[in-house]
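These notes concern the structure reproduced below.
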Amino acid sequence: MRFILCFFVAACLFAQPEYDLLLKGGHVIDGKNRISARRDVAMKGGRIAAVAANIPASAALKTVDVSGLYVTPGLIDIHTHVYAGTGERNSYAGDNSVYPDGFTLRVGVTTVVDVGGAGWRNFEDFKDRVIDRSRTRVLAMINIVGNGMRGGKWEQDLSDMEVKPTADMALKYKGLIVGVKSAHYAGPEWAPFERGEEAARTAGIPFMVDFGAVHPGRQIYDLLNKVYRPGDIYTHMYSGLRGEQDAETKGPSKAMLDGRKRGVIFDVGHGGGSFTWRVAVPMMKAGFVPDSISTDLHISSMNAGMKDMLNVMGKFLAMGMSLEDVILLSTWNPAREIQHEELGHLSPGAVADVAVLRLEKGDFGFVDMHSARLKGTRRLLCELTLKDGRVVYDLNGITREDWDKLPAGYTRQGDPRWDGFSFGPRRGPWRQKK
Ligand SMILES: [Zn+2]
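Residue numbering for the sequence shown follows my numbering, starting at 12 and increasing by one per position.
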């Protein structure tokens, strides 16, 4: 009897809870699984373990009440510039870029794609400098220019646009390099686009184009309908600078309509100079909605009309898109576009990247590239972000205990099974003292 009792006590002491972390009472929006309903979400070992109407708190090591909030897959921003830290001025492989972690986790973004900062010559420097050191999941589209997006001198150099080394680097880092990019090309030649397409095709990944300056002999119609393959991505879709909008109807141009019929993907890529209300509103009214929402985060967009991913998503709410569609365009759709189908949804077994969002109602304003405003009544705020099943951002401390309910002299709280903040790879400076 004593033995049995000892065994029972030991079993209780060492029992592993079924789940590490449980988000209870939230409204789940998961576009892949067509869920928009009140659901509990449980995680274990960095993966989604269960999504159900009622999962008991007793089954989890840690339960967080998220009632009144929306629980979505971690947001995926497929157009950013995060190749910072080289010290190069006026360069997207330098000072024009930002380190990702300060702009992502606090707005529910868990995955970003740097588009074209690095080419094959400097991709491994970018990987060492940023990708391997960030808490955000950083992926890349490699520039067809070997030197990447370092400025005009490099970006206009046709001799540095080589298919083979670009495709070789993309294949060497398959999964990390998720596309090929061409940007800012101003010459009349089609060579940058044809070579980018060939490199992308060789590596089995999509081609994304910022179409640069348009020439009479180099029109958007041919890019989208002759050079592009289905699955290639046209970013800056609402810039209105390169023939996206029909001059008469103000809806999408024939180039865009025919491109969509062929399976071309259309991405927002807001940026500092690529989103205009007088383009976006009539194109949206005509039914030409994006396939994916992205920011084009860089130093000139971060504090202007763009601001951050949730602000750009708020613009689509303000134009009348449903919250479910706005989430779909910021999670599952971009995950598919970059061939990372383990991300962007909350199926059991999926990577447990999760955003917990508050939908605020009130009088808000959203500003475009020309500093024109559109008023809106809904805005998203990030309360909590989980990456690989661990808390990496918690605005109001909803995962925490009140200090005066803890034992006197309390020390570090949390548990490494769910807490990526107190127990993450980067602890406070007090931990680094020798
Ligand atoms: Zn960009």
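Even for Gly, the Cβ is constructed at its ideal location relative to N, Cα and C.
Alpha helix (DSSP H) segment containing residue i, residue limits
i	result
G163	163 to 166
E348	343 to 348
I59	That residue, I59, is in no alpha helix (DSSP H); its beta strand (DSSP E) goes 58 to 63.
I338	334 to 339
P176	174 to 183
Residue(s) in a DSSP beta bridge with residue i
i	result
F137	Beta-bridge pairing links F137 to no other residue.
G190	M152
Q256	P263
S303	D278
I40	S47
R369	L392
I244	M219, I276
L308	T91
Three-way DSSP call (helix, strand, coil) for residue i in this model
i	result
A104	coil
V378	strand
E208	helix
P227	coil
K318	coil
K35	strand
V126	strand
F286	strand
I87	strand
I142	helix
I66	coil
V77	coil
G215	coil
G119	coil
L235	helix
V292	helix
A202	helix
A95	coil
V109	coil
D415	helix
A71	strand
Outcome for residue i when other beta-carbon atoms lying within 10 angstroms are tallied against a minimum of 16
i	result
H356	buried
A53	buried
H381	exposed
D307	buried
H249	The residue asked about is misnamed: residue 249 is Tyr in this sequence, not His. Flag for Y249 reads buried.
P203	buried
K35	buried
Y421	exposed
L116	buried
W288	buried
R146	buried
K192	buried
D221	buried
Beta strand (DSSP E) segment containing residue i, residue limits
i	result
T396	384 to 398
F218	218 to 221
M54	46 to 55
D405	401 to 405
Min CB distance residue i to chain D below 8 Å
i	result
R58	Structure shown: chain D not included; a single protein chain is present.
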